[in-house]
Amino acid sequence: MTDVSPLGEQETIPCPLCNGSDADQLFVAQDRLVGKPGTFPVVRCKGCGLVYLNPRPTRRALKEYYPADYYPVPGGRETPEALSVARGLLKRVEAIAPGAKLSILDAGCGTGLFLKLARDRGHDVRGIEPGDAAVNYGRRVYGLPIDHGTLESVDLPENGFDVVTMWHVLEHMPDPVSALRIVCRALKPGGMLLFGVPNFGSMEASLFGRRWFSLDAPRHLVHFDPETARQAVQAAGFESERIVHSPGTAGMVYTLMGDLTGVSLKLRGSAIPDRAYHRIAGVLGWLVWPVCSLTARYGRGGAIEVYARKPAD
Ligand SMILES: [Zn+2]
Numbered sequence: 041m042t043d044v045s046p047l048g049e050q051e052t053i054p055c056p057l058c059n060g061s062d063a064d065q066l067f068v069a070q071d072r073l074v075g076k077p078g079t080f081p082v083v084r085c086k087g088c089g090l091v092y093l094n095p096r097p098t099r100r101a102l103k104e105y106y107p108a109d110y111y112p113v114p115g116g117r118e119t120p121e122a123l124s125v126a127r128g129l130l131k132r133v134e135a136i137a138p139g140a141k142l143s144i145l146d147a148g149c150g151t152g153l154f155l156k157l158a159r160d161r162g163h164d165v166r167g168i169e170p171g172d173a174a175v176n177y178g179r180r181v182y183g184l185p186i187d188h189g190t191l192e193s194v195d196l197p198e199n200g201f202d203v204v205t206m207w208h209v210l211e212h213m214p215d216p217v218s219a220l221r222i223v224c225r226a227l228k229p230g231g232m233l234l235f236g237v238p239n240f241g242s243m244e245a246s247l248f249g250r251r252w253f254s255l256d257a258p259r260h261l262v263h264f265d266p267e268t269a270r271q272a273v274q275a276a277g278f279e280s281e282r283i284v285h286s287p288g289t290a291g292m293v294y295t296l297m298g299d300l301t302g303v304s305l306k307l308r309g310s311a312i313p314d315r316a317y318h319r320i321a322g323v324l325g326w327l328v329w330p331v332c333s334l335t336a337r338y339g340r341g342g343a344i345e346v347y348a349r350k351p352a353d
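To convert a position in the sequence shown, counted from 1, into this note's numbering, add 40.
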């Protein structure tokens with residue numbers, strides 16, 4: 041992996057949501073996860089309120105900022121955390137149409153653990169994933185139909201799916217509204233999109249600012265809050281249904297761990313041995329859970345889940 045010059049391969053863009061060019065700079069972020077060089081101004085659009093990186097690395101330069109284990113591929117069994125996330129997502133999807141056998145597309149599916157669980161329950165599944173290792177794992181170990189690519193590069197049927205899920209994916213996309221339009225076209229009339237994203241309107245984001253773990257510059261290109269998420273789905277042709285706040289406990293723990301140790305939980309080879317690191321993270325998780333739950337209850341949760349429906353006719 042070659043280093044990218046902090047000054048090379050950047051682009052200045054209009055607002056990815058409303059196309060406006062008037063924005064206020066909030067702060068300048070750095071790559072706290074991998075520690076690659078570069079500074080990334082985080083701005084808020086004066087027109088629609090979307091928060092995004094500008095200027096930002098070009099699509100080609102961005103690839104250099106993704107470490108090989110950004111989406112970790114299990115050596116043996118899946119971790120309890122990954123299983124818990126996948127089970128939680130399946131529960132949410134099945135609650136959309138209880139008892140129904142659904143055709144499900146998961147865009148940015150990683151290794152496809154969620155799709156595997158959904159298939160085991162009798163649903164018809166398909167995945168899209170840009171990460172080579174994750175695609176190989178999902179195909180080889182789970183035998184899943186995963187397309188290697190992105191929403192823009194893969195051929196999808198029109199009106200083909202009951203449900204599309206995008207779990208912490210949209211914030212990585214250079215053009216989220218056009219990705220959502222592709223999803224809208226691929227859904228059946230009345231079909232449901234469910235996506236999760238970090239919440240820039242959260243207590244965590246306000247408290248930690250440029251040190252917020254979920255900022256993840258420069259991999260997270262856009263930062264939604266409930267209002268801009270609603271605008272984005274409407275711009276793509278959806279009827280916004282509801283937005284649910286989640287506690288985002290993991291994001292809070294990673295932020296605190298990053299501050300305590302100067303490295304992220306995702307990075308290996310830190311000064312603290314892995315086992316001790318995970319143990320401290322586990323204890324912190326219990327400690328911050330009540331606070332994170334309260335922030336979610338009062339509409340300032342660390343992440344939001346957005347339910348949006350394609351119009352029925
Ligand atoms: Zn805008």
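Just so it is clear, CB atoms sit at the ideal spot from N, CA and C, and this is done for glycine as well.
>> Quick check: TYR92 and HIS263, are their CB atoms within less than 8 Å of each other?
In response: Within the sequence shown, numbered from 1, the residue matching residue 92 stands at position 52. Within the sequence shown, numbered from 1, the residue matching residue 263 stands at position 223. Against a cut-off of 8 Å, the Cβ pair of HIS263 and TYR92 comes out as a contact.
>> Within 8 Å, do at least three Cβ pairs link the region 95 to 108 to the region 123 to 142?
In response: Too few Cβ pairs lie closer than 8 Å, so no.
> Where does PHE80 land, buried or exposed, given buried means 16+ other C-beta within 10 angstroms?
Replying inline: Taking the first residue of the sequence shown as 1, we reach residue 80 at position 40. Buried: at least 16 other Cβ atoms inside 10 Å.
>> Going by C-alpha to C-alpha distance, which of GLY139, ASP71 and ALA174 sits closest to ARG161?
In response: For the purposes of this step, residue 161 is identified with residue 121 of the sequence shown, where counting begins at 1. Of the listed residues, the one whose Cα sits closest to ARG161 is GLY139.
>> Less than 6 Å between C-beta atoms, sequence neighbours within five positions excluded: which residues of the same chain meet that for LEU47?
In response: Walking along the sequence shown from the start, residue 47 turns up at place 7. With a pLDDT of 47 at LEU47, under the threshold of 50, the modelled position of this residue cannot be trusted, and the question is left open.
>> Once the 5 residues before and after ARG221 are set aside, which same chain residues still bring their CB inside 6 Å of it?
In response: Here residue 221 corresponds to residue number 181 of the sequence shown, with the count starting at 1. Answer for ARG221: ALA276, listed in chain order.
> Which residues mark the beginning and the end of the alpha helix (DSSP H) in which TYR347 is found?
Replying inline: Translated into positions along the sequence shown, residue 347 becomes position 307. Counted as a single uninterrupted DSSP element, the stretch harbouring TYR347 is not any alpha helix (DSSP H) but the beta strand (DSSP E) occupying residues 343 to 349.
> Do you know how far the Cα of LYS228 is from the Cα of LEU327?
Replying inline: Numbered from 1 along the sequence shown, position 287 holds the residue referred to as residue 327. Numbered from 1 along the sequence shown, position 188 holds the residue referred to as residue 228. A straight line joining the alpha-carbon of LEU327 with that of LYS228 spans about 43 Å.
> In whole angstroms, what is the alpha-carbon distance linking GLY241 and GLY249?
Replying inline: Stepping through the sequence shown from its first residue, residue 241 is reached at position 201. Stepping through the sequence shown from its first residue, residue 249 is reached at position 209. Each residue's Cα considered, the two are about 11 Å apart.
>> On the DSSP bridge list, what partners appear for PRO81?
In response: Position 41 of the sequence shown, counted from the start, is the residue given in the question as residue 81. DSSP lists VAL68 as partners of PRO81.
> Closer than 7 Å: is that where the CB of LEU90 sits relative to any heavy atom of ligand 1?
Replying inline: Looking up residue 90 in the sequence shown gives position 50. It does: the Cβ of LEU90 is within 7 Å (strictly closer) of some heavy atom of ligand 1.
>> Suppose contacts are defined by Cβ-Cβ distances below 8 Å. Is GLU346 in contact with PHE235 by that definition?
In response: Reading the sequence shown from its first residue, position 306 is the one you call residue 346. Reading the sequence shown from its first residue, position 195 is the one you call residue 235. A small fix is needed here, since residue 346 is Val in this sequence, not Glu. Pairing VAL346 with PHE235 gives a Cβ-Cβ distance under 8 Å.
>> Quick check: does the Cβ of GLY356 come within less than 7 Å of any heavy atom belonging to ligand 1?
In response: Summary: the structure shown does not reach residue 356, with the chain confined to residues 41 through 353, and so no result is reported for it.
>> What does the Cβ neighbour count give for VAL68, buried or exposed, with the cut at 16 atoms within 10 Å?
In response: Taking the sequence shown and counting its residues from 1, one reaches residue 68 at position 28. Result: exposed.
>> Given 7 Å as the limit, tell me if GLY87 has its C-beta closer than that to any heavy atom belonging to ligand 1.
In response: Walking along the sequence shown from the start, residue 87 turns up at place 47. It does: the Cβ of GLY87 is within 7 Å (strictly closer) of some heavy atom of ligand 1.
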